[in-house]
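Residue numbers (my numbering): 631 to 908.
Beta carbons are placed, not taken as given, at the ideal position from N, Cα and C, and that holds for glycine.
Contents: one structure, followed by commentary.
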């Protein structure tokens, strides 16, 4: 099954289940375990993108393997001729179990070959920044970073353009043993949508750990004039890890793109291959 979910990351220790800590995965798996067909599923859902502590998602995708539906397994839910329950009602039941900062937006029987993580073509993030003299308005404080210096959109976009493309993003990633840091950054742009509110749009085929926040943190130092627009590209070429990492709460995962159903399995197989610039 594929589930599309959303969450406010403020009060979570990230996506991944951790003992004794409140995580999105932990709550979703607990809700599934209390309502068929999730009750028959292993306690592990596969997610399109693991978000860090404090990062939000308006559209996250997961998949979970469940036992085939049988007669009566839908409980009191209406079922079709194949015994498959009304998935909208399943969503409603899971949402009654889940706290208000996590919602199941949709559920469906996934196409053959679908893998929430490896079948994805790209992920899309937004980062919100306020450069208002007073910081961030009270109603935006959970998903918007307050920056105490005026930001120049032209400088931000000039620096962002030099980072787009297929590169080794070791300078902007918290490296993990055996994992590649080669990624294709497909879009990185900034827009001032209100007098004091800027939004960065960041899209890539995949992101390594802390990559988006490191990119944002480095560019904010360009936008406020403390660094030249070419500085982030210099870091990229040098491969030296930057310490400029933006806070998590300004970041939201807003979407994941997948290929047509007939290409899902092939995409997953290619994504599992370790990439290099060579």
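Beta-carbon contacts of residue i that lie in its chain and below 7 Å, excluding the five residues immediately before and after
i: residue 902; result: 748
i: residue 731; result: 637, 638, 641
i: residue 649; result: none
i: residue 765; result: 776
i: residue 811; result: 798, 799, 800, 803, 805, 838
i: residue 787; result: 819, 820
i: residue 717; result: 737, 738
i: residue 790; result: 818, 819, 820, 849
6 Å Cβ shell around residue i - same chain, five flanking residues per side excluded
i: residue 664; result: 727
i: residue 704; result: Because the pLDDT of residue 704 is 49, which lies under 50, any placement of that residue in the model is unreliable, and the number read from its coordinates should be weighed accordingly. 715, listed in sequence order.
i: residue 885; result: 689, 754
i: residue 898; result: 745, 748, 749
i: residue 647; result: 653, 655, 656
Cβ separation of residue i and residue j, assumed to be a contact under 8 Å, to the nearest whole Å
i: residue 733; j: residue 640; result: The Cβ separation is near 15 Å, so there is no contact.
i: residue 657; j: residue 729; result: 7 Å
i: residue 785; j: residue 859; result: 5 Å
i: residue 847; j: residue 874; result: 4 Å
i: residue 735; j: residue 759; result: With 8 Å as the limit, residue 735 and residue 759 do not qualify as a contact, their Cβ atoms being about 26 Å apart.
Option in the options with minimal Cα separation from residue i
i: residue 829; options: 783, 687, 859, 813; result: 783
i: residue 696; options: 740, 722, 892, 725; result: 740
i: residue 684; options: 821, 876, 893; result: 876
i: residue 604; options: 807, 827, 863, 855; result: This structure cannot settle anything about residue 604, because the visible part of the chain is limited to 631 through 908.
i: residue 722; options: 836, 687, 662; result: 662
i: residue 896; options: 736, 719, 751; result: 751
i: residue 824; options: 791, 774, 873; result: 774
i: residue 854; options: 686, 768, 762; result: 762
i: residue 826; options: 770, 809, 890; result: 770
i: residue 840; options: 856, 681, 686; result: 681
Beta-bridge partners of residue i, as assigned by DSSP
i: residue 820; result: 830
i: residue 943; result: Only positions 631 to 908 of the chain appear in this structure, which leaves residue 943 out of reach.
i: residue 636; result: 733
i: residue 887; result: 752
i: residue 760; result: 776, 827
i: residue 693; result: 632, 676
i: residue 882; result: 686, 756
i: residue 738; result: 632
i: residue 765; result: 762
Close Cβ partners of residue i (< 8 Å) along its chain, the five nearest in sequence each way excluded
i: residue 693; result: 631, 632, 633, 675, 676, 740, 744, 745, 746
i: residue 793; result: 815, 818, 845, 862, 863, 866
i: residue 756; result: 829, 830, 831, 832, 881, 882, 884
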